[in-house]
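The structure appears right after this line, and notes come after that.
2 protein chains.
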Amino acid sequence: MKDCTECVVRNRAICGGLTPDELAALGSLGRNQIVRRGQTIVWEGDEALVVANVIDGVLKASMSMPDGREQIVGIVFPSDFIGRPFGQESPYSVTALTDAELCIFTRSSFEKFALQHPDLEHRLLQHTLGELDRAREWMLLLGKKSASERIASLLLELSTRLQAGGCAHDSMVLDRFELPLDRQQIGDLLGLTIETVSRQLSRLKGEGLIALPDRRHVVIQDRARLQNIAMAA
Amino acid sequence: MKDCTECVVRNRAICGGLTPDELAALGSLGRNQIVRRGQTIVWEGDEALVVANVIDGVLKASMSMPDGREQIVGIVFPSDFIGRPFGQESPYSVTALTDAELCIFTRSSFEKFALQHPDLEHRLLQHTLGELDRAREWMLLLGKKSASERIASLLLELSTRLQAGGCAHDSMVLDRFELPLDRQQIGDLLGLTIETVSRQLSRLKGEGLIALPDRRHVVIQDRARLQNIAMAA
DNA sequence: CGCCAAATTGACCCTAATCAAACGATGTGG
DNA sequence: CCACATCGTTTGATTAGGGTCAATTTGGCG
Numbered sequence: 001m002k003d004c005t006e007c008v009v010r011n012r013a014i015c016g017g018l019t020p021d022e023l024a025a026l027g028s029l030g031r032n033q034i035v036r037r038g039q040t041i042v043w044e045g046d047e048a049l050v051v052a053n054v055i056d057g058v059l060k061a062s063m064s065m066p067d068g069r070e071q072i073v074g075i076v077f078p079s080d081f082i083g084r085p086f087g088q089e090s091p092y093s094v095t096a097l098t099d100a101e102l103c104i105f106t107r108s109s110f111e112k113f114a115l116q117h118p119d120l121e122h123r124l125l126q127h128t129l130g131e132l133d134r135a136r137e138w139m140l141l142l143g144k145k146s147a148s149e150r151i152a153s154l155l156l157e158l159s160t161r162l163q164a165g166g167c168a169h170d171s172m173v174l175d176r177f178e179l180p181l182d183r184q185q186i187g188d189l190l191g192l193t194i195e196t197v198s199r200q201l202s203r204l205k206g207e208g209l210i211a212l213p214d215r216r217h218v219v220i221q222d223r224a225r226l227q228n229i230a231m232a233a
Numbered sequence: 001m002k003d004c005t006e007c008v009v010r011n012r013a014i015c016g017g018l019t020p021d022e023l024a025a026l027g028s029l030g031r032n033q034i035v036r037r038g039q040t041i042v043w044e045g046d047e048a049l050v051v052a053n054v055i056d057g058v059l060k061a062s063m064s065m066p067d068g069r070e071q072i073v074g075i076v077f078p079s080d081f082i083g084r085p086f087g088q089e090s091p092y093s094v095t096a097l098t099d100a101e102l103c104i105f106t107r108s109s110f111e112k113f114a115l116q117h118p119d120l121e122h123r124l125l126q127h128t129l130g131e132l133d134r135a136r137e138w139m140l141l142l143g144k145k146s147a148s149e150r151i152a153s154l155l156l157e158l159s160t161r162l163q164a165g166g167c168a169h170d171s172m173v174l175d176r177f178e179l180p181l182d183r184q185q186i187g188d189l190l191g192l193t194i195e196t197v198s199r200q201l202s203r204l205k206g207e208g209l210i211a212l213p214d215r216r217h218v219v220i221q222d223r224a225r226l227q228n229i230a231m232a233a
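Sequence order for the protein chains is P and C. Going by UniProt numbering, 102 is the number at position 102 of the first sequence; the sequence numbering is gapless. Going by UniProt numbering, 161 is the number at position 161 of the second sequence; the sequence numbering is gapless.
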């Protein structure tokens, strides 16, 4: 049986701050589900049937054009919320980038519960406002930054958000981490091609700012210079 | 004295749906304020002291980089909400694109009221989710669309959102409207330069899809073809 | 060991940026 | 009333950053 009081993301997810009773009630509506890398939970344009909390793993939210061009519009980490409550259809798809563990609800049961529990809605509002801030930060990146600035920004963002999602101290950031995205996905997130991503990573490596022990790992060797690149040129 | 029951945006803004008592209480916390074109209400990085509903006019939310590059991250229309509640500092500036009328609150008084009125917070959540959807749609534009696709998308978006903010029927869209942005601002919104904006507009005009009676007005003459350009190529 | 997919590297091209000039409204002062 | 300055915009010429196409290299895995 599911025990929300033991949940590893409880403090950071929207269910944090609920009373034990509320937590039990919400818990009875949801179920844990494992999804494998590559699996899609919600399809763009389809009726949004489910919402979920991410317990473990990394997922992407993506939108695409009729001719197949795809843009990743959000990276979803543990304790983040997935789905579009109070909307008919999902404007984006959600797909697992790594094997992941979710706490999943039907949208209708979640909405009903949320309307009766203002504190939950308040937490959801806070999460949504944070998402909106990050989306706008990304608009600045996509609209104005050069390829190298985009790559540097991404590496710094991942090094902090993977940390926040992990189990170490809040104020720490990781200098070595696993990339949850392949080169194509990095391109789809940054508005670049796979070749440009590769070239810029090679360049940063050549200049000694980062190391790439293998295709799925990054080591930040000179965070200060990386931050310089990310914010100016 | 202010009378919220007469407010022209009451039905669409977050205060819609409040009881008469609640509406009066909220109204007593806010005050109407006129801002002139070009005036900035909130500065990026400053403490977010105020939030507001837009009653009339159009504003922009923008973020900038240390070297001065600027990205417009949101266009704010009548009935939209301005500001960043439940956050210390504003991640963006808000500036009037036209003379505008606001219903303005201190952030602290608004937050206090919101926490006591779940129905208001619910409306705010709905608005924020809508903003997030639009921000993500814009990420697709900035990350993946060509210059002509961006221009076409913007014109279509303005033709519907200016309408929604106006007083005609919901299902209608405008074929002729006033541009609240100059060419530089269009560039800052679409991630293009002023010259590219101008060239693409001239091209659409040359092909008979739009007319430009003067620098601040647009007429959509072939909506279907414009939609084709906006969504594919 | 050898296959296959992912990533890197190279050569070339194209879109949009940059630099520069001309144009057209609007407003001012002679 | 017209010469002229000014600002926003348009148009033109050139350049550069990143895309496209193609050839290798790397590495994961049966």
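For each residue, glycine too, the CB sits at the ideal point set by N, CA and C. These numbers were taken from a predicted model, which means no experiment stands behind them.
| query | result |
| --- | --- |
| Supposed close pair Met231 (chain C), Pro66 (chain P) - CB separation, criterion 8 Å | 6 Å |
| For Val35 (chain P) and residue 234 (chain C), the rounded distance between their alpha carbons | Any question about residue 234 (chain C) goes unanswered here, given that chain C covers just 1 to 233. |
| Within-8 Å CB hit, Pro78 (chain C) to chain P | no |
| Of the residues P:Asp133, P:Asn32, P:Asp188 and P:Thr5, the one placed nearest Gly87 (chain C), counting alpha carbons only | P:Asp133 |
| Beta-carbon contacts of Ser153 (chain P) that lie in its chain and below 6 Å, excluding the five residues immediately before and after | Leu141 and Ala230 |
| Distance CB(Ile220 (chain P))-CB(Ser159 (chain P)) smaller than 8 Å | yes |
| Proximity test, Cβ basis, 8 Å: Ala168 (chain P) and chain C | Confidence at Ala168 (chain P) is low in this model, with a pLDDT of 49, below 50, so its placement is unreliable and no value can be given for it. |
| Below-8 Å beta-carbon distance, Phe105 (chain P) vs any chain C residue | no |
| Beta-carbon contacts of Glu101 (chain P) that lie in its chain and below 7 Å, excluding the five residues immediately before and after | Asn32, Ile34, Ile55, Asp56 and Gly57 |
| Leu179 (chain P) CB to nearest heavy atom of the ligand SAM below 7 Å | As presented, the structure is devoid of all ligands, the ligand SAM included, so that no description of it is given. |
| Touching by the beta-carbon criterion (3+ pairs, under 8 Å), the segment 13-33 of chain C and the segment 207-216 of chain P | no |
| Val9 (chain P) at chain C interface by Cβ criterion, 8 Å | no |
| Residues, ordered as in the chain, of the segment 102-127 of chain C that lie near chain P by beta-carbon distance below 8 Å | Leu115, Pro118, Glu121, His122, Leu124, Leu125 and Gln126 |
| Proximity test, Cβ basis, 8 Å: Gln54 (chain C) and chain P | Reading off the sequence, residue 54 (chain C) comes out as Val, not Gln. Output row for Val54 (chain C): interface = no. |
| Interface residues of chain C facing Phe177 (chain P) [CB-CB closer than 8 Å] | What Phe177 (chain P) touches in chain C: nothing, since even the nearest Cβ is about 23 Å away. |
| Residue environment, Arg161 (chain P), which counts as buried when at least 16 other CB atoms sit within 10 Å | buried |
| Among P:Asn53, P:Ala48, P:Val42 and P:Val73, the one whose alpha carbon lies nearest that of Ser93 (chain P) | P:Val42 |
| Other residues of its chain near Leu204 (chain P): CB distance less than 6 Å, five sequence neighbours each side excluded | Ile210 |
| Assigned secondary structure, Glu6 (chain C) (DSSP; H/G/I helix, E/B strand, else coil) | helix |
| Pair within 8 Å by beta-carbon distance, Gln71 (chain C) and Ser62 (chain C) | yes |
| Contacts of Ala232 (chain C) in chain P (Cβ-Cβ under 8 Å) | Met65, Pro66 and Asp67 |
| Reduced DSSP category for Asn228 (chain C) - H, G, I as helix; E, B as strand; rest coil | helix |
| Glu111 (chain P) to Phe105 (chain P) span [Cα, whole Å] | 9 Å |
| Beta strand (DSSP E) segment containing Ile72 (chain P), residue limits | Glu70 to Val76 |
| Reduced DSSP secondary structure (H/G/I, E/B, other) of Cys167 (chain C) | In this predicted model, Cys167 (chain C) has a pLDDT of only 48, less than 50, meaning its place in the structure is not dependable; the value taken from the coordinates is given anyway. Of the three classes helix, strand and coil, the one that applies to Cys167 (chain C) here is coil, per DSSP. |
| CB-CB length for Arg123 (chain C) against Gly16 (chain C), believed under 8 Å | 7 Å |
| Cβ pair Leu155 (chain P), Leu49 (chain P) closer than 8 Å | no |
| Per-residue DSSP class, three states only, for Phe86 (chain C) | coil |
| is_contact[Gly74 (chain P), chain C] using C-beta, thresh 8 Å | yes |
| Three-way DSSP call (helix, strand, coil) for Met139 (chain P) in this model | helix |
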